[in-house]
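Visitor:
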Amino acid sequence: MEKIKMTTPLVEMDGDEMTRILWKMIKDELLLPYIDLKTEYYDLGLVKRNETNDQVTIDSANATKKYGVAVKCATITPNAARVEECNLKEMWKSPNGTIRAMLDGTVFRAPIIVKGIEPCVKNWEKPITLARHAYGDVYKNTEMKIDGPGKAELVFTDENGVETRATIQEFKGPGIIQGIHNIDKSIESFARACFNYALDTKQELWFATKDTISKKYDHNFKDIFAEIFEKEYKEKFDAAGITYFYTLIDDAVARVMKSKGGFIWACKNYDGDVMSDMVSSAFGSLAMMTSVLVSPDGIYEYEAAHGTVQRHYYKHLKGEETSTNSVATIFAWTGALRKRGELDGIKELCDFADKLEKATIKTIESGKMTKDLALITSLKDVTVLNSRDFITEIKNTLDTL
Ligand code: NAP
Ligand code: MG
Numbered sequence: 015m016e017k018i019k020m021t022t023p024l025v026e027m028d029g030d031e032m033t034r035i036l037w038k039m040i041k042d043e044l045l046l047p048y049i050d051l052k053t054e055y056y057d058l059g060l061v062k063r064n065e066t067n068d069q070v071t072i073d074s075a076n077a078t079k080k081y082g083v084a085v086k087c088a089t090i091t092p093n094a095a096r097v098e099e100c101n102l103k104e105m106w107k108s109p110n111g112t113i114r115a116m117l118d119g120t121v122f123r124a125p126i127i128v129k130g131i132e133p134c135v136k137n138w139e140k141p142i143t144l145a146r147h148a149y150g151d152v153y154k155n156t157e158m159k160i161d162g163p164g165k166a167e168l169v170f171t172d173e174n175g176v177e178t179r180a181t182i183q184e185f186k187g188p189g190i191i192q193g194i195h196n197i198d199k200s201i202e203s204f205a206r207a208c209f210n211y212a213l214d215t216k217q218e219l220w221f222a223t224k225d226t227i228s229k230k231y232d233h234n235f236k237d238i239f240a241e242i243f244e245k246e247y248k249e250k251f252d253a254a255g256i257t258y259f260y261t262l263i264d265d266a267v268a269r270v271m272k273s274k275g276g277f278i279w280a281c282k283n284y285d286g287d288v289m290s291d292m293v294s295s296a297f298g299s300l301a302m303m304t305s306v307l308v309s310p311d312g313i314y315e316y317e318a319a320h321g322t323v324q325r326h327y328y329k330h331l332k333g334e335e336t337s338t339n340s341v342a343t344i345f346a347w348t349g350a351l352r353k354r355g356e357l358d359g360i361k362e363l364c365d366f367a368d369k370l371e372k373a374t375i376k377t378i379e380s381g382k383m384t385k386d387l388a389l390i391t392s393l394k395d396v397t398v399l400n401s402r403d404f405i406t407e408i409k410n411t412l413d414t415l
């Protein structure tokens, strides 16, 4: 069989620990035999980041800006323990954070649905994609504990030194205060990324805030979304037969629970933090969650939502058998290959991505899966496979399609 040709390289960001092991297996077994794989390779493994003073992360983000599509393996975000363990020069920042900031992107997370791994919420038939605004609000706050009586005020001083003041509270006793902010430009980017992704995936877009209570702050989010939608997207949405729907956050939560799924739920930073963990755990497994970073100008970076699966890696290093789920990492590759195929007009590449996803799902639905899924499946007669054998089974299924 002739291998599928590519024209533009994918930006390939390798990573750490168990996912780095899976990365190579996926390439060797599921991609290289079928595709004349063209990638520009960046090693974002911690060793290389430390060696290059994290320049490699910046280079990989710049390459993504240049080519438009990247696929990323999970990476270690160093903490104090890792600085010690890996003898790091510095506690390097999270690569995901660096890349997100450079691309000004929004992260969309979606579950992979298979028969036999049913969501806790019975009526969720289709995936719910969660988009979280990744800037500001409580994540960039300033807080104070107040020891006793006094007046707390909001003060804004403009460039000319003119002050605007508002009283927060006349304290009679001890209490707490918090200052938060957001920036119109960031909200606009978030809105455009959401509208573009909805068009791209032909799904409805939902957005919710608490604008009835927060009449200026949350209302500003609502207004920016509404204005950009009317000006730039309404006609495109009509043409695509999809809708943009705004409601209050508590109403959204109630509707989400009763929905069939199949839409994108855009959330403010805190709502997204909370709701993404709720939605992903209700869909079954972190190992079945994909994640894509989309910039407002249409640059895509695909990855799995889970981390480097450190615990499994340590078993692997001791020579013990692992049963680590590679599905989300495989779907990161298929997402990136399909997008590359779409942009370059290579139908075979898109078809291959579809086929590999189908083979992966079919393998699980036939009862062959990794341990994490075996523990939660409703299927009977399940075969639990180790990390490598699971990938080999997917290849066997792929070769029958
Ligand atoms: P994790 O790697 O997601 O793993 C947490 C636990 O979830 C695992 O121990 C495992 O449970 C289960 N799990 C996750 N993915 C799985 C898979 N593919 N197959 C089977 N089980 C899976 O999170 P972590 O242990 O908290 O973090 C490890 C490292 O990853 C950290 O250094 C962190 O900084 C990094 N991280 C990176 C990213 C990213 O690059 N996007 C995201 C999150 C975390 P059992 O052990 O019970 O089997
Ligand atoms: Mg969280």
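According to my numbering, the sequence shown is numbered sequentially starting from 15. Where a beta carbon is used, it is the ideal one built from N, C-alpha and C, also for glycine. Everything numeric in this text was worked out from a predicted model, so none of it was measured.
Residue 314 by DSSP, collapsed to three states: which one?
Guide: For the purposes of this step, residue 314 is identified with residue 300 of the sequence shown, where counting begins at 1. Three-state result, residue 314: strand.
Visitor: Taking one C-beta from the region 104-123 and one from the region 303-317 each time, how about it: are there three or more such pairs within less than 8 Å?
Guide: The region 104-123, when compared against the region 303-317, does touch it at the 8 Å Cβ threshold.
Visitor: From this set, 143, 195, 138 and 182, which residue's C-alpha is nearest residue 152's C-alpha?
Guide: Looking up residue 152 in the sequence shown gives position 138. The shortest Cα separation from residue 152 among 143, 195, 138 and 182 belongs to 195.
Visitor: Excluding the 5 residues preceding and the 5 following residue 48 in the sequence, name in chain order all residues of the same chain whose CB lies nearer than 7 Å to its CB.
Guide: Translated into positions along the sequence shown, residue 48 becomes position 34. Correct list, in chain order: 17, 18 and 366.
Visitor: Can the beta-carbon of residue 341 be found closer than 8 Å to that of residue 126?
Guide: If you number the sequence shown from 1, residue 341 lands on position 327. If you number the sequence shown from 1, residue 126 lands on position 112. For residue 341 and residue 126, yes; Cβs fall inside 8 Å.
Visitor: In the region 70-115, which residue ranges form an unbroken alpha helix (DSSP H) of at least 4 residues, counting only runs that do not cross its ends?
Guide: List check, alpha helix (DSSP H) in window: 94-99.
Visitor: Near residue 287, what residues of its chain come up, given a Cβ to Cβ distance below 7 Å and the 5 sequence neighbours on each side ignored?
Guide: The sequence position of residue 287 within the sequence shown is 273, counting from 1. 146, listed in sequence order.
Visitor: Can you give me the Cβ contacts of residue 225 inside the same chain, cut-off strictly under 8 Å, excluding the 5 residues immediately before and after it?
Guide: Counting from 1 along the sequence shown, the entry for residue 225 is found at position 211. 232, 233, 235, 236 and 262.
Visitor: Identify, in the order they occur along the chain, each residue of the same chain with its Cβ nearer than 7 Å to the Cβ of residue 387, setting aside the five sequence neighbours on each side.
Guide: If you number the sequence shown from 1, residue 387 lands on position 373. Hits under 7 Å: 131, 299, 339 and 378.
Visitor: Looking only at its chain, what residues have a beta carbon closer than 7 Å to the beta carbon of residue 202, apart from the 5 residues adjacent to it on each side?
Guide: In the sequence shown, the residue the question calls residue 202 occupies position 188. Correct list, in chain order: 238 and 242.
Visitor: Would you kindly check if the distance between the Cβ of residue 275 and the Cβ of residue 372 is under 8 Å?
Guide: Walking along the sequence shown from the start, residue 372 turns up at place 358. Walking along the sequence shown from the start, residue 275 turns up at place 261. Not a contact, by the Cβ cut-off of 8 Å.
Visitor: Taking the C-alpha atoms as reference points, what is the distance between residue 52 and residue 129?
Guide: Position 38 of the sequence shown, counted from the start, is the residue given in the question as residue 52. Position 115 of the sequence shown, counted from the start, is the residue given in the question as residue 129. Each residue's Cα considered, the two are about 34 Å apart.
Visitor: Taking C-alpha atoms, which residue in 45, 40, 33 and 38 lies nearest to residue 20?
Guide: Taking the first residue of the sequence shown as position 1, residue 20 is located at position 6. Per the Cα distances, 45.
Visitor: As a quick exercise: from 254, 123 and 15, pick the residue whose alpha carbon is nearest that of residue 289.
Guide: By one-based count along the sequence shown, residue 289 stands at place 275. Measuring from the Cα of residue 289, the nearest candidate turns out to be 123.
Visitor: Report the rounded CA-to-CA distance for residue 296 versus residue 308, giving the unit in angstroms.
Guide: The residue you call residue 296 lines up with position 282 of the sequence shown. The residue you call residue 308 lines up with position 294 of the sequence shown. Going by the C-alpha atoms only, they are around 24 Å apart.
Visitor: So what does DSSP say about residue 180, is it helix, strand or coil?
Guide: Position 166 of the sequence shown holds residue 180. Here residue 180 sits in strand by DSSP.
Visitor: Within the same chain, show all residues whose beta-carbon is closer than 7 Å to that of residue 180, passing over the 5 residues directly before and after it, in chain order.
Guide: What you label residue 180 is simply residue 166 of the sequence shown in a count that begins at 1. The answer, listed in chain order, is 167 and 168.
Visitor: How about residue 405 and residue 43: do their beta carbons lie closer than 8 Å?
Guide: Translated into the one-based positions of the sequence shown, residue 405 becomes position 391. Translated into the one-based positions of the sequence shown, residue 43 becomes position 29. In contact: residue 405 and residue 43 (Cβ atoms closer than 8 Å).
Visitor: From 273, 54 and 50, pick the residue whose C-alpha is nearest to that of residue 26; which is it?
Guide: Counted from its first residue, the sequence shown places residue 26 at position 12. For residue 26, the nearest C-alpha among the options comes from 54.
Visitor: Going along the chain, which unbroken runs of the beta strand (DSSP E) with 3 or more residues stay wholly within the region 202-233?
Guide: The qualifying runs are 218-223.
Visitor: Alpha carbons only, please: which of 271, 360 and 22 is nearest the one belonging to residue 136?
Guide: If you number the sequence shown from 1, residue 136 lands on position 122. Among 271, 360 and 22, the Cα nearest to that of residue 136 belongs to 271.
Visitor: Contact check, residue 113 vs residue 88 under 8 Å by CB: the rounded distance?
Guide: By one-based count along the sequence shown, residue 113 stands at place 99. By one-based count along the sequence shown, residue 88 stands at place 74. Not quite, the Cβ-Cβ distance comes to about 13 Å (not below 8 Å), so this is no contact.
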